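S.K.: Residue numbers (the UniProt record's numbering): 1 to 254.
The structure's right below; bear with me while I get my questions together.
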């Protein structure tokens, strides 16, 4: 698994969301690295991490354990956004003895409906031949119904090769694994360590319907809402998000 390490101190692992990479939480890493060792990872099928055609949360947890072994980490705090939050929760449930705390940003331990079919359709239909360029790629995604900021985010995965463009991410692998990644297989396991759920005030990724799912698996839970933000709460109000994350982790190290 590809990762970048910065800072010194207790370890914090930062995990991005679907279609992202380790740079997505770089602003948070810079806020934390004065007091902590921060490890930003590329999830499998993202960035420069290995491509796995049928990915699931058990595999992600095993991949994260390799990072622990390579860096000689005994325990770590976890911060994950969206799919990264699910990955962090899955690791905590599978390896509670290695997890100091979990922060899940705008995601619940629950099965979600298919929200990204239009994104997959736009990405898989994008021409990658020699005649294409980034401007044309952006126009294609926007004309496929993707909002411009989201399209620009997605196109960070595009890289040039000898014949035109290729995807850094394993797009087909993500499509193959999508049903598994929006599902949640761990209903009967508990993580009793400290946990914080941060939701965007305008987002519908965490609702009242998820309350029991959260409490049943993460009973030692705290919750925060960042008002006037959507699902991308860490990008929309980074100073507020960074402060909430650091205050929570600091409180666990006192």
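Just so it is clear, CB atoms sit at the ideal spot from N, CA and C, and this is done for glycine as well.
Owing to the predicted nature of the structure, the values given are computational and were not obtained by experimental measurement.
On the CB-based measure, 16 or more other CB atoms within 10 Å of its CB, does residue 201 come out buried or exposed?
M.R.: exposed
S.K.: Quick one: what does DSSP say residue 14 is sitting in, helix, strand or coil?
M.R.: strand
S.K.: Excluding the five sequence neighbours on either side, which residues of its own chain have a C-beta within less than 6 Å of the C-beta of residue 85, listed in chain order?
M.R.: 104, 105 and 107
S.K.: Could you tell me if residue 87 is buried or exposed, where buried requires 16 or more neighbouring beta carbons within 10 angstroms of its beta carbon?
M.R.: buried
S.K.: Can you list, in chain order, the stretches of the beta strand (DSSP E) that have 3 or more residues and sit fully within the region 27 to 81?
M.R.: The region 27 to 81 contains these whole beta strand (DSSP E) runs: 37 to 41 and 76 to 81.
S.K.: Going along the chain, which residues of its own chain have a beta-carbon closer than 7 Å to the beta-carbon of residue 111, five neighbours each way excluded?
M.R.: 182, 183 and 184
S.K.: Which residue or residues does DSSP assign as beta-bridge partners of residue 5?
M.R.: Bridge partners of residue 5: 39.
S.K.: Taking C-beta to C-beta, are residue 39 and residue 45 nearer than 8 Å?
M.R.: no
S.K.: Which one of 70, 115 and 159 has the shortest CA to CA distance from residue 128?
M.R.: The residue with the shortest Cα to Cα distance from residue 128 is 159.
S.K.: With H, G and I counted as helix, E and B as strand and the rest as coil, what does DSSP make of residue 180?
M.R.: For residue 180, the secondary structure class from DSSP, reduced to helix, strand or coil, is helix.
S.K.: Are the region 11 to 30 and the region 233 to 250 touching, with three or more C-beta to C-beta distances below 8 Å?
M.R.: yes
S.K.: For residue 119, collect the residues of the same chain with a Cβ closer than 8 Å to its Cβ; drop the 5 residues on either side in sequence, then sort them by chain order.
M.R.: Excluding the 5 residues flanking it on each side, residue 119 has same chain C-beta neighbours closer than 8 Å at 19, 146, 150 and 154, in chain order.
S.K.: Given this structure, state the Cα-to-Cα distance separating residue 210 from residue 197, to the nearest angstrom.
M.R.: 11 Å
S.K.: Among 63, 173 and 7, which has the Cα closest to the Cα of residue 15?
M.R.: 63
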